Amino acid sequence: MYQDLTKRFVEALQLQHTPVGLAFVETVPENVQHVARRVPSACTFWRLGEQGVFYANAEDHQECPIGMMTMGFTMPASAQERAQGLVQTMASVKYFSPDEVSALPVVKKPHESIVYGRLDQLPVEADVVLCILNTQQAMLVAEALGQVNWLQSGQSAFGRPTCGVIPRTLMTGETSMSFGCVGARTYIELSPAEVVLTIPAAQFADLVGNLETIVAANAALAPFHQQQKANFGG
Numbered sequence: 001m002y003q004d005l006t007k008r009f010v011e012a013l014q015l016q017h018t019p020v021g022l023a024f025v026e027t028v029p030e031n032v033q034h035v036a037r038r039v040p041s042a043c044t045f046w047r048l049g050e051q052g053v054f055y056a057n058a059e060d061h062q063e064c065p066i067g068m069m070t071m072g073f074t075m076p077a078s079a080q081e082r083a084q085g086l087v088q089t090m091a092s093v094k095y096f097s098p099d100e101v102s103a104l105p106v107v108k109k110p111h112e113s114i115v116y117g118r119l120d121q122l123p124v125e126a127d128v129v130l131c132i133l134n135t136q137q138a139m140l141v142a143e144a145l146g147q148v149n150w151l152q153s154g155q156s157a158f159g160r161p162t163c164g165v166i167p168r169t170l171m172t173g174e175t176s177m178s179f180g181c182v183g184a185r186t187y188i189e190l191s192p193a194e195v196v197l198t199i200p201a202a203q204f205a206d207l208v209g210n211l212e213t214i215v216a217a218n219a220a221l222a223p224f225h226q227q228q229k230a231n232f233g234g
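Throughout the sequence shown, residue numbering follows full-length UniProt numbering, covering 1 to 234 in sequence.
This is the structure in structure tokens:
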């Protein structure tokens, strides 16, 4: 379904990480297996999704109360208590204001499970495409989206929690970027130079086409800047 687009996207950006698709489903396709292991965080599923396709339900997300909340799963009392305790801990070290909780985006699409997986292997239509990019790759995507020219308002970028960019993209129909919170950086081992980008899957094909144009344009301009630098002995 997404094989050709994924290949072109990866080649254009020279990606080190395979794009992952997320599909919020009420019924799991027969050929998709349940996740085979427990995980400490919702974002851990992104890394596992680079390796294959699986689904995870509310119970599979329960070790991560914040992720369970943003992914739109109904939280049992035990998870709610853990979430409240985590928020209080964050507030006590002045990391996170309790007032922010009410502002967190939450997935509203009805679903019982989330299908995660390599975008080029995803057997269902994705809702969101999630990419881990370095800053240069993120710049190229922003240029391809027209979000860094002076006629636009610019790209929205967020920090904590990183998983919040998924529901934001679903809610707004716009790409969202997270600089990566301390939790995500721990669980999925983001490098200091990497960010997380979420793209509405319905816009992915247009993005790939625009991206190829922008990458070619940057390549055409690079020799000029290299020569300019050489002219000054730098």
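Using N, Cα and C, we set each Cβ at its ideal position, and we do this for glycine too.
Note that the coordinates shown come from a computational prediction; the quantities given were computed from them, not determined experimentally.
Decide if the stretch 101-108 is in contact with the stretch 13-20; the criterion is three or more beta carbon pairs, one per stretch, under 8 Å apart. By the Cβ test, the stretch 101-108 is not in contact with the stretch 13-20, since fewer than three Cβ pairs between them sit closer than 8 Å.
State buried or exposed for residue 34, treating a residue as buried only when at least 16 other CB atoms are found within 10 Å of its CB. Exposed, because fewer than 16 other Cβ atoms sit within 10 Å of the Cβ of residue 34.
Proximity to residue 121 [Cα-Cα], best of 23, 230, 228: Ranking the options by Cα distance to residue 121, first place goes to 23.
What residue range does the alpha helix (DSSP H) around residue 8 cover? According to the DSSP assignment, residue 8 belongs to the alpha helix (DSSP H) that extends over 3-13.
Just the Cα atoms here: how many angstroms apart are residue 108 and residue 203? Taking the CA atoms as reference points, residue 108 sits about 20 Å from residue 203.
Sheet register partners of residue 53 (DSSP bridge): BP columns for residue 53 point to 117.
Can you confirm whether the stretch 200-214 touches the stretch 137-147 when touching is taken to mean that 3 or more C-beta pairs between the two stretches lie within less than 8 Å? As far as the Cβ criterion goes, the stretch 137-147 touches the stretch 200-214, which means the pair count is three or higher.
Please classify residue 194: does DSSP put it in a helix, a strand, or coil? Strand, per DSSP.
Would you decide whether residue 182 is buried or exposed? Buried here means 16 or more other CB atoms lie within 10 Å of its CB. Classification of residue 182: exposed, given that the 10 Å Cβ count is below 16.
Taking 8 Å as the threshold, find out whether the stretch 63-72 comes into contact with the stretch 40-52 through three or more Cβ pairs. As far as the Cβ criterion goes, the stretch 63-72 touches the stretch 40-52, which means the pair count is three or higher.
Which ranges does the alpha helix (DSSP H) cover as unbroken runs of at least 4 residues, wholly within the stretch 56-110, from first to last along the chain? DSSP runs (the alpha helix (DSSP H)) wholly in the stretch 56-110: 65-70, 77-92.
Alpha-carbon to alpha-carbon, residue 221 and residue 172: Roughly 34 Å between the two C-alpha positions.
Kindly indicate which residue of 198, 26, 227 has the alpha-carbon position closest to the one of residue 162. Closest by C-alpha distance to residue 162, out of 198, 26, 227, is 198.
Element boundaries [beta strand (DSSP E), containing residue 134]: Start and end: 128-134.
Identify, in the order they occur along the chain, each residue of the same chain with its Cβ nearer than 8 Å to the Cβ of residue 169, setting aside the five sequence neighbours on each side. Same-chain partners within the cutoff: 128, 175, 176, 198, 199, 200.
Beta-carbon gap between residue 145 and residue 19 smaller than 8 Å: For the 8 Å CB-CB criterion, residue 145 and residue 19 do not form a contact.
Alpha carbon to alpha carbon, how far is residue 114 from residue 57? The alpha-carbon atoms of residue 114 and residue 57 are separated by roughly 6 Å.
Should residue 116 and residue 54 be called a contact, given that it needs their Cβ atoms to be closer than 8 Å? In this structure, residue 54 lies closer than 8 Å to residue 116 by Cβ.
DSSP three-state call for residue 151: helix, strand or coil? Because the pLDDT of residue 151 is 47, which lies under 50, any placement of that residue in the model is unreliable, and the number read from its coordinates should be weighed accordingly. The answer is coil: DSSP assigns residue 151 none of H, G, I, E or B.
How big is the Cα-Cα spacing for residue 1 and residue 84? Those two C-alpha atoms are separated by around 41 Å.
Of all the options 29, 59, 133, 193, which has the alpha carbon lying nearest to the alpha carbon of residue 125? Out of 29, 59, 133, 193, the CA that lies nearest to the CA of residue 125 is found in 29.
Considering only the beta carbon of each residue, do residue 167 and residue 123 sit closer than 8 Å? No.
Among 133, 97, 47, whose alpha-carbon lies nearest the alpha-carbon of residue 118? Checking every option, the nearest Cα to that of residue 118 belongs to 47.
In the DSSP assignment, find the beta strand (DSSP E) that holds residue 24 and state where it starts and stops. 20-25 is the extent of the beta strand (DSSP E) around residue 24.
By Cβ distance below 7 Å, which residues in the same chain neighbour residue 159 in space, the five residues on each side in sequence not counted? So the list reads 178, 179, 181, once near-sequence residues are dropped.
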